[in-house]
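Presented below is the structure to which this report refers.
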Amino acid sequence: MSVLASGRARASAHPNIALIKYWGKASDSELNEPAVSSLSLTLDELRSETCVAFDESLKSDELWLNGKRDEQKLARISANLDKLRRIAGIDTRCRVETSNNFPTAAGLASSASGFAALVAAGNAALGLGLDLKQQSMLARAMSGSAARSLYGGFAKIYLPDAEPAQTHFGSAYAEQVAEAEHWPLEVCVAIVSEDEKKIGSTEGMERSRLSSPYYQAWLSGNDVDVVQAEKLVLARDFEQLAELSEFSCLKMHAMAMASRPGLLYWSGATVDAMHCVRELRAGGVPVFFTNDAGPQLKAICAPGYGAKVADALAELHGVKRVLRCALGPGARVEALD
Ligand code: DP6
């Protein structure tokens with residue numbers, strides 16, 4: 112720990128939604144290197160806030176999630192705190208308090224925002240002095256999608272060509288593609304269930320790698336999709352980005368569904384919401400859908416169309432509520448206390 116560091120800090124971060132999906136790991140090492148690159152947008156209104164307190168008097172790590180002590184998720188947090196401790200060269204245990212203003216582990220990327228906030232808080236608390244690229248590598252080692260939540264606006268995870276360097280961080284990192292202001296898209300999240308998903312992304316990806324006959328085809332197409340999506344974001348080409356993003360989403364789910372046993376993250380309401388979005392688009396409303404390892408449907412709208420799309424989704428039987436978001440900023444340290 113740096114002599115100036117207090118061991119305590121509070122940071123916040125927002126979930127991100129992938130337009131070109133990450134699903135699959137390069138190896139089973141604890142560096143959690145992704146097998147594919149990906150591209151996402153960071154949301155504004157949904158938020159995780161994480162406080163860390165490294166404290167010599169603690170005998171073991173503690174996790175408090177949304178105000179309650181959580182023993183079940185503690186092992187994963189502890190393993191990730193070890194990554195911070197290794198860099199700092201300390202063994203001090205830590206109390207982590209984290210809260211989300213949205214459903215946890217329901218396909219709304221709470222692990223992305225939670226781990227991005229943990230890295231930002233840990234970096235500040237321990238005085239590690241990691242730059243954003245290093246922080247994104249560390250966040251990736253905790254949860255692949257978390258690397259992208261370090262950045263606001265649009266971000267991509269970059270897979271270096273070279274062999275990974277044997278460092279604390281591994282090799283793949285995220286970088287910003289464009290600021291939120293570049294293209295103020297709106298996002299409507301149709302909540303169809305608040306339950307925690309039964310099969311998390313980490314387990315699902317591994318199952319797909321081991322058993323889906325479409326896995327190799329999935330791996331071979333993703334880099335091209337990311338390169339194309341980046342160009343479309345920079346050119347603000349909504350129509351083509353809509354087509355490409357739905358392609359990436361459906362391609363990921365088709366490959367996951369073909370795993371054994373098949374991974375089926377959608378509910379009937381998810382599919383109804385997909386049809387609703389496509390009907391709106393056919394009627395001239397610039398909107399497209401995407402969906403992750405859970406049933407919620409995310410509708411990405413051109414600037415100014417969020418209200419109309421939210422109203423249409425809210426009408427659907429099975430949609431409990433619709434959250435509206437703008438694009439948001441990256442992770443940030445809120446306090447050193
Ligand atoms: C479907 O980042 O949660 O949301 O690295 O195992 O923690 P781990 O996986 P995670 O996977 C996210 C999968 C996805 C697509 C995406 O966000 O790119």
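Numbers 112 to 448, taken from the numbering used here, label the letters of the sequence shown in order.
The beta-carbon is built from N, C-alpha and C at its ideal position, and this holds for glycine as well.
Check	Outcome
Presumed contact (8 Å Cβ cut-off) between residue 237 and residue 116, rounded CB distance	5 Å
Beta-carbon proximity check, residue 398 vs residue 418, cutoff 9 Å	no
Residue 400, enclosing beta strand (DSSP E) - first and last residue	398-401
4-residue-minimum alpha helix (DSSP H) runs that sit fully inside the region 358-398, ordered along the chain	379-393
Proximity to residue 322 [Cα-Cα], best of 151, 192, 420, 369	369
Ranges of the alpha helix (DSSP H) found wholly within the region 186-267, counting only runs of at least 4	221-236, 243-253
Pair within 9 Å by beta-carbon distance, residue 331 and residue 374	no
Beta-carbon contacts of residue 52 that lie in its chain and below 6 Å, excluding the five residues immediately before and after	The displayed coordinates of the chain run from 112 to 448. Any statement about residue 52 would go beyond what the structure contains.
Residue closest to residue 336, alpha-carbon to alpha-carbon, out of 352, 127, 423	352
Simplified DSSP state of residue 407, which is helix, strand or coil	coil
Straight-line Cα distance separating residue 181 from residue 245	28 Å
Sequence-distant residues of its chain with Cβ nearer than 8 Å to residue 178 (five each side left out)	210
Residue 157 beta carbon less than 9 Å from that of residue 212	yes
Nonlocal neighbours in the same chain, by C-beta distance under 6 Å from residue 410, ignoring five residues either side	299, 388, 398, 400, 420
Residue closest to residue 348, alpha-carbon to alpha-carbon, out of 281, 294, 380	294
Distance between beta carbons of residue 257 and residue 315, contact taken as under 8 Å	About 17 Å; that fails the 8 Å criterion.
Between the CA atoms of residue 144 and residue 445 - distance to the nearest angstrom	29 Å
Distance cut-off 8 Å: residue 64 Cβ against heavy atoms of the ligand DP6	There is no way to answer for residue 64, as the model of the chain reaches only from 112 to 448.
DSSP state of residue 183 mapped onto helix, strand, coil	coil
Contact test: residue 255 Cβ vs the ligand DP6 heavy atom, cutoff 8 Å	yes
The ligand DP6 heavy atom lying under 8 Å from the CB of residue 326	no
Presumed contact (8 Å Cβ cut-off) between residue 266 and residue 259, rounded CB distance	4 Å
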